[in-house]
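Counting with our numbering, you get residues 458 to 876 for the letters of the sequence shown.
Cβ atoms here follow ideal geometry from the backbone N, Cα and C, with glycine treated the same way.
The structure presented is a predicted model; accordingly, all values stated were derived computationally and were not measured.
First the structure, in the form of structure tokens, and then the observations on it.
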Amino acid sequence: MNNSTVKSFEAACDIYRAHGVDPVSAIEKLKTIPVSLHAWQGDDVVGFENFETALTGGCQVTGNYPGRARTADELRDDLDLVLKLVPGKSRVCLQGHQVDRMIPGVDRDGFTIEHFSNWLAWAKEKNIGLDIAPCYYSHPKLDHGLSLSHPDAGIRKFWIDHGKAIRRIGEEFGKTLGTPAVCNFWMPDGFKDIPADRYAPRLRLAESLDTIFSDKIDEKYLLDAVESKLFGIGVESCTVGSHDFYLMYAAQNNKLICLDSGHFHPTESIADKLSAIVARQGRILLHVSRGVRWDSDHVILLNDELLSIAREAAVYGFIDKIFFCLDYFDASINRIGAMVVGARNMQKALLIALLEPTALLKKEEDAWDFTSRMARQEEIKTLPWSAVWRYYCESENIPDDFSFMQEIKEYEKKISSRN
Ligand code: RNT
Ligand code: ZN
458 MNNSTVKSFE AACDIYRAHG VDPVSAIEKL KTIPVSLHAW QGDDVVGFEN
508 FETALTGGCQ VTGNYPGRAR TADELRDDLD LVLKLVPGKS RVCLQGHQVD
558 RMIPGVDRDG FTIEHFSNWL AWAKEKNIGL DIAPCYYSHP KLDHGLSLSH
608 PDAGIRKFWI DHGKAIRRIG EEFGKTLGTP AVCNFWMPDG FKDIPADRYA
658 PRLRLAESLD TIFSDKIDEK YLLDAVESKL FGIGVESCTV GSHDFYLMYA
708 AQNNKLICLD SGHFHPTESI ADKLSAIVAR QGRILLHVSR GVRWDSDHVI
758 LLNDELLSIA REAAVYGFID KIFFCLDYFD ASINRIGAMV VGARNMQKAL
808 LIALLEPTAL LKKEEDAWDF TSRMARQEEI KTLPWSAVWR YYCESENIPD
858 DFSFMQEIKE YEKKISSRN
């Protein structure tokens, strides 16, 4: 290891220890926190079914940077590189249309583990966990923008069967990989303009979900989650699976609620919601994203929002109850770079949170000394976390903050035939 890295780490350790924090245990803790990398950044949420459809999910991927993974094999190659450039404990989360292969005559309602067997073999070999989400968009059966809440029972049945199929696939992931697969349900159902009836679609959505979840699967293998949303492109006026709807649904059915940081009013932070939900529901799934004005799924940056999410997740001793999954898609830049920058930022934010001298802040707060608390919060911003980060990356053989770009550029040359 580089001598100056060790020296600055030791100096940083002295400072942190004077604040009652041990960077060595912060690093050890960080290594145990799984972060699920969202595979869909690699294929622009296109999937690998035989047909190419535009993304019809009330969200949008923009940009035409070369190099999109066109097959599951290509995506796995890309992820192999991502995993080399990101420290910490990664998982991979798939969308239900990122199949290895299609089987003639079998549509999404009939997918089985056979459609994902190479993914499973790959994850087993790499010793990482897999998560999955059914894919309720980019398919002709998403009719008038509705799936599980559609008035037609036949359409609902197709999507119910898709949900059931993906849960079974997740169960296989969980069994084989020895870690439960998180199976996240999000569907774009909603209305562009003011609906006459917001109630009936919500009743139908609840009933469809009940039918899907009536197949009992052991939580040792599969953890169900439901993801809420305020609005999306083309569904500006009403989202059937709103936050109120899913918070209630999750609470009543003991499911994970998934909070996506891009799915609320632009000034509403999900950070404050973490302790509220964990206090009542015990656990939570996060889709860590970055909205810019609309639900735009930009690459996550090390900004105040990310820092406060990680802070709220890490300091109360319930971080093992938080499931982290990244969720953004930017096709205007190198997709591997997008994944790596965002995933490293997630790791950095978690490290900064684990290095927080929370006991000092609490002491000041308990003594009603809110001025010192504020001064302390400001002091924390200048503590030398970057020396700890550099040491951590080097000790894990992960390139430092800019040199990973070199590997990405070299890889970009190798995959130039994709264009
Ligand atoms: C959409 C949701 C959902 C998607 C994925 C690709 O607004 O956030 O999680 O990002 O299905
Ligand atoms: Zn999401």
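Endpoints, beta strand (DSSP E) assigned at residue i
i, result
"Asp618", "No beta strand (DSSP E) contains Asp618, which is instead part of the alpha helix (DSSP H) from Ala610 to Leu634."
"Trp751", "Trp751 to His755"
"Ile589", "Leu587 to Ala590"
Proximity below 8 angstroms, CB of residue i to CB of residue j
i, j, result
"Val492", "Met803", "yes"
"Asp557", "Ala526", "no"
"Pro658", "Ser606", "yes"
"Leu542", "Ala496", "no"
"Phe688", "Asp752", "yes"
"Glu454", "Ser829", "There is simply no residue 454 to check, as the chain begins at 458 and stops at 876 in what is shown."
"Lys730", "Ala682", "no"
"Ile532", "Asp501", "The residue asked about is misnamed: residue 532 is Leu in this sequence, not Ile. No. Outside cutoff."
"Ile585", "Val549", "yes"
"Asp646", "Phe615", "no"
"Ala708", "Ser595", "no"
One or two residues paired with residue i in a DSSP bridge
i, result
"His495", "Cys550"
"Val639", "Leu680"
"Asp650", "Answer is none; Asp650 lacks a bridge partner."
"Leu716", "Leu743"
"Ala657", "Partner(s): none; Ala657 has no beta bridge."
"Phe827", "According to DSSP, Phe827 bridges with nothing at all."
"Phe721", "According to DSSP, Phe721 bridges with nothing at all."
"Phe780", "Leu742"
"Leu603", "Asp600"
"Gly886", "Residue numbering for the chain in the displayed model covers 458 to 876; residue 886 lies beyond these limits and cannot be assessed."
Residue i beta carbon near the ligand RNT (any heavy atom closer than 7 angstroms)
i, result
"Gly739", "no"
"Ala653", "no"
"Gly689", "yes"
"Gly611", "no"
"Cys516", "yes"
"Gln643", "Inspection of the sequence shows that residue 643 is occupied by Trp rather than by Gln. Yes, the Cβ of Trp643 comes within 7 angstroms of a heavy atom of the ligand RNT."
"Asp857", "no"
Bounding residues of the alpha helix (DSSP H) (the contiguous stretch that carries residue i)
i, result
"Ile484", "Pro480 to Leu487"
"Leu731", "Ala728 to Gln738"
"Cys850", "Trp842 to Ser852"
"Glu693", "Taken as a continuous stretch (DSSP letters only), Glu693 belongs to no alpha helix (DSSP H), as it is neither H nor E."
"Thr510", "Here Thr510 belongs to no alpha helix (DSSP H), and DSSP marks it neither H nor E."
"Glu571", "Counting along the chain, Glu571 falls outside any alpha helix (DSSP H), and DSSP gives it neither H nor E."
"Thr462", "Asn460 to Ala475"
Cβ-heavy atom distance, residue i to the ligand ZN, below 7 angstroms
i, result
"His700", "no"
"His722", "no"
"Ser671", "no"
"Glu693", "no"
Ranges of the alpha helix (DSSP H) found wholly within the segment 525-551, counting only runs of at least 4: 529-542
Whole alpha helix (DSSP H) elements within the segment 784-825, 4-residue minimum: 792-811 and 815-823
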